[in-house]
Amino acid sequence: MAVLGSIIKGVIELADTFSSEVNAAEAQREILKKLLEKAKETKFGKDYAFEEILKSEDLEKQFAQSVPYFDYHKMNDAYWKHLHEGEENVSWPGTPEYYALSSGTTGKTSKRIPVTEDMLEAIRNTGIKQVSALANFDLPADFFEKTIMMLGSSTDLKEKDGHLEGEISGISASNIPFWFRGYYKPGEEISQIDDWDERVQRIAENAKEWDIGALSGIPSWMELMLKKVIDYHGVQNIHEVWPNLQVYTSGGVAFGPYKKSFNALLAHPITVIDTYLASEGFLAYQARPETEAMKLVLDNGIYFEFVPFKPEYINQDGSITDDAPTIPIAEVEEDVEYVLLISTVSGAWRYLIGDTIKFTDVERHEIIITGRTKFFLNVVGSQLSVNKMNDAIQAMEEKYDMEIPEFTIAATKIDGDYYHKWYIGSPQQDIDKEDLANSLDEALKDANKNYKVARSKALKGVKVEIIAPAIFHSWSEQNKKKGGQVKMERVMGEEKFKDWEAFVKQQSS
């Protein structure tokens, strides 16, 4: 009998019984008040009169009226860059000990996002909330005695100007509590290897020594790691190496397009739990098995605002217009897409994180990520969001019995007419491209009335190229870095798409 596992499971279940649903509006008002109080003497707090905002009877409204929107570049140019010049108390008291490097999905240049001790504490607290929520997933007691494989970026953080830099997964892993280290794989030595291929090779070599019960990481790189382990040991599926694997904690991107190819690596289905850990904070986690949606964390260092995701509020570069309205948590509606703004204990204020979300359950404050503002394809009025693309791709996987873990799309002119050109990454190369393009087109027409209208007017048609998924990974490696938090861009602009097509041609020749 798994005695230790039974004890741990009992503690988790007991903790879950004491947790109660927070009043969203009250919790968020309290968070905003704490943020303003703590930052009122910073440069940012003085520039935007936090002291006066705190006197207002309607704190949320006054805050929204007094402080403009910021994206990374605006925040960095006006405030965060001064931190690198040795200034203190810029947008949060003191100076941050860490910076999360994030190239995201849109460029080669890394963003350097402050990560304060307050933020690390908030991330740890949300991690504890997520662990407590495991009580809802009816996992056996022996699961809580197994180890967890956390496939993030390197924990070998780089020292620069008195602080440490790395991707958020590496920063988080380097700050795990001492009591958790015995459960954490691949362990400190392997996790510090910066070269992704070398790190995965070492994981494969040691895999059979570990009793892995759970996986955590971005789906695309997790798949490659699992394939490496399977190939190295000459087995058919990962359960022949890790028979007790029961849970995969996904995050970073929608799991849907990877579901078919991921399941092909397993002997039997496992529990998939989604999370929303960004460089700017741990925003949400899946709290129950009845849904794939995630619960927003409303009482732990992050204040949320929501901008209706409408074309008139979105600029060409993916930022939002100055007159875009914001809605507090108390006024959100289900099945409406919103652009997410956050203010945090790392000194981000009314910050455009770049994601779009939709509430699936307002009472439980559960959301799904629907896409990125920069990946909103609205050339010639098609108004195509990433979640609609993901849904269409999954429909193609079912119709053609194929795996499509990767894809990218661009609006491009061919002989003077606009087309949507899709590059689909799949091991199945023998599918008829024209037939696939027609099916993809019809699926999008059925799912999106704006797309259907665009197809009857300026959008001439759909073109499809099927290429090896490895080409997507090579593109990421050339343009950013392999592994870690790196994600493939789902939508490309015209200039980048030209570079992409040249790269594909080179890789395919």
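Following the working numbering, the numbering of the sequence shown begins with 22 at its first residue and continues without gaps. We put the beta carbon where it would ideally sit given N, CA and C, even for glycine.
Starting from residue 181, trace the beta strand (DSSP E) in both directions and tell me its first and last residue.
Translated into the one-based positions of the sequence shown, residue 181 becomes position 160. That run of the beta strand (DSSP E) goes 179-181.
Close Cβ partners of residue 147 (< 6 Å) along its chain, the five nearest in sequence each way excluded
Within the sequence shown, residue 147 is the residue found at index 126, counting from 1. The residues are 303, 318 and 321.
State buried or exposed for residue 159, treating a residue as buried only when at least 16 other CB atoms are found within 10 Å of its CB.
Position 138 of the sequence shown, counted from the start, is the residue given in the question as residue 159. Burial call: exposed.
So what's residue 137 in DSSP terms, helix, strand or just coil?
Translated into the one-based positions of the sequence shown, residue 137 becomes position 116. Coil at residue 137, not helix or strand.
Count the C-beta pairs between the region 405-414 and the region 343-350 that are closer than 8 Å, then say yes if the count reaches three, no if not.
The answer is no - the region 343-350 does not touch the region 405-414, with fewer than three Cβ pairs under 8 Å.
Secondary structure of residue 510, DSSP reduced to three states
Numbered from 1 along the sequence shown, position 489 holds the residue referred to as residue 510. Here residue 510 carries a coil assignment [DSSP, helix/strand/coil].
Sufficient close CB pairs (3 or more, under 8 Å) joining the region 221-234 to the region 160-168
Because the criterion of three Cβ pairs below 8 Å is met, the region 221-234 and the region 160-168 touch.
Tell me the start and end of each unbroken beta strand (DSSP E) in the region 253-280 that is at least 3 residues and wholly inside, in chain order.
Fully enclosed beta strand (DSSP E) runs of 3 or longer: 268-272.
Where does the unbroken alpha helix (DSSP H) through residue 490 begin, and where does it stop?
Counted from its first residue, the sequence shown places residue 490 at position 469. It spans 490-500 - the alpha helix (DSSP H) in which residue 490 sits, taken as one unbroken run.
Closest residue to residue 88 among 101, 70 and 105 (Cα-Cα distance)
Mapped onto the sequence shown, residue 88 falls at position 67. Cα-wise, what sits closest to residue 88 is 70.
Just to confirm the assignment, what range does the alpha helix (DSSP H) spanning residue 421 have?
Your numbering for residue 421 matches position 400 in the sequence shown. From DSSP, the alpha helix (DSSP H) with residue 421 extends over 407-421.
Output needed for residue 326: all residues of its chain with C-beta closer than 6 Å, excluding positions within five of it in sequence on either side, in chain order.
Here residue 326 refers to the residue found at position 305 when the sequence shown is read from its first residue. Only 347 and 362 meet the Cβ criterion.
At what residues does the beta strand (DSSP E) containing residue 382 begin and finish?
Your numbering for residue 382 matches position 361 in the sequence shown. DSSP places residue 382 inside the beta strand (DSSP E), whose first and last residues are 372-382.
Alpha carbon to alpha carbon, how far is residue 81 from residue 49?
Residue numbering aside, residue 81 sits at position 60 when the sequence shown is read from its first letter. Residue numbering aside, residue 49 sits at position 28 when the sequence shown is read from its first letter. Pairing residue 81 with residue 49, the inter-Cα distance amounts to about 9 Å.
Compare the Cα-Cα distances from residue 271 to each of 78, 123, 151 and 428 and report the closest residue.
Residue mapping note: residue 271 aligns to position 250 of the sequence shown, counting from 1. That would be 151, whose Cα lies nearest to the Cα of residue 271.
Pairwise C-alpha distance: residue 387 and residue 313
Mapped onto the sequence shown, residue 313 falls at position 292. Mapped onto the sequence shown, residue 387 falls at position 366. If I take the Cα positions, the gap works out to 9 Å.
Cβ-based neighbour list, residue 466, same chain, cut-off 8 Å, excluding 5 preceding and 5 following
Here residue 466 is taken as the residue at index 445 of the sequence shown, counted from 1. Within the same chain, residue 466 has close Cβ partners 472, 473 and 476.
One or two residues paired with residue 122 in a DSSP bridge
Here residue 122 refers to the residue found at position 101 of the sequence shown. The partner list for residue 122 (beta bridge, DSSP) reads 133.
Short of 8 Å in beta carbon distance, which residues of its chain neighbour residue 356, apart from the five on each side in sequence? Order them along the chain.
The residue you call residue 356 lines up with position 335 of the sequence shown. The residues 379, 380 and 381, in chain order, have a CB closer than 8 Å to that of residue 356 in the same chain once the five nearest residues on each side in sequence are set aside.
By a C-beta neighbour count over all protein chains shown, 10 Å radius and 16 as the cutoff for buried, is residue 94 buried or exposed?
Translated into the one-based positions of the sequence shown, residue 94 becomes position 73. Exposed is the label assigned to residue 94, since fewer than 16 other Cβ atoms lie within 10 Å of its Cβ.
Alpha helix (DSSP H) containing residue 82: first to last residue?
Counting from 1 along the sequence shown, the entry for residue 82 is found at position 61. Per DSSP, residue 82 belongs to the alpha helix (DSSP H) from 80-87.
Taking 9 Å as the CB-CB cut-off, is residue 50 touching chain B?
In summary, chain B is missing from the structure at hand, where a single protein chain is found.
For residue 549, write down the residues that DSSP places opposite it in a beta bridge.
One cannot answer for residue 549 here, as it falls past the ends of the chain, which runs 22 to 530.
Nearest to residue 227 (by Cα), restricted to the options 143, 245 and 254
In the sequence shown, the residue the question calls residue 227 occupies position 206. Residue nearest to residue 227 within the set 143, 245 and 254 is 254 (criterion: CA-CA distance).
Taking DSSP as the reference, what is the three-state secondary structure of residue 113?
Here residue 113 corresponds to residue number 92 of the sequence shown, with the count starting at 1. When secondary structure is reduced to three states using DSSP, residue 113 falls in the coil class, being assigned neither helix nor strand.
If you check the beta carbons only, do residue 221 and residue 249 fall under 9 Å apart?
Locating residue 221 in the sequence shown gives position 200, counting from the first residue. Locating residue 249 in the sequence shown gives position 228, counting from the first residue. Contact: yes.
Express the C-alpha separation of residue 298 and residue 246 in angstroms, rounding to a whole number.
Locating residue 246 in the sequence shown gives position 225, where the first residue counts as 1. Locating residue 298 in the sequence shown gives position 277, where the first residue counts as 1. When rounded, the distance between both Cα atoms is 20 Å.
Go through the region 182-244 residue by residue and report every complete run of the beta strand (DSSP E) that reaches 3 residues or more, in order.
If you keep only unbroken beta strand (DSSP E) runs of at least 3 residues inside the region 182-244, you get 184-187 and 233-238.
Residue of 392, 431 and 52 minimising C-alpha distance to residue 512
As a working mapping, residue 512 is identified with position 491 in the sequence shown. For the residues 392, 431 and 52, the minimum Cα distance to residue 512 belongs to 431.
Environment of residue 529 [buried if 16+ CB atoms lie within 10 Å]:
Here the question's residue 529 lines up with position 508 in the sequence shown. Result: exposed.
Distance, Cα to Cα, residue 424 vs residue 337?
The residue labelled residue 424 in the question sits at position 403 within the sequence shown. The residue labelled residue 337 in the question sits at position 316 within the sequence shown. Near 32 Å, if we compare the C-alpha coordinates of residue 337 and residue 424.
Please tell me whether residue 172 and residue 120 are closer than 9 Å, where the distance is taken between their beta carbons.
In the sequence shown, counting from the first residue as 1, residue 172 sits at position 151. In the sequence shown, counting from the first residue as 1, residue 120 sits at position 99. Result no, Cβ atoms of residue 172 and residue 120 do not sit closer than 9 Å.
What residues in its chain sit with their C-beta under 7 Å from that of residue 370, if we drop five residues either side in the sequence?
To locate residue 370, count along the sequence shown from 1; it is residue 349. Counting only residues of its own chain and dropping the five nearest sequence neighbours on each side, residue 370 has a CB closer than 7 Å to the CB of 65, 88, 91, 112 and 364.
Between the Cα of residue 524 and those of 284, 460, 444 and 294, spot the shortest distance and give me the residue it belongs to.
In the sequence shown, the residue the question calls residue 524 occupies position 503. The shortest Cα separation from residue 524 among 284, 460, 444 and 294 belongs to 444.
Strictly by DSSP, which residues pair up with residue 354?
Within the sequence shown, residue 354 is the residue found at index 333, counting from 1. None; residue 354 has no bridge partner.
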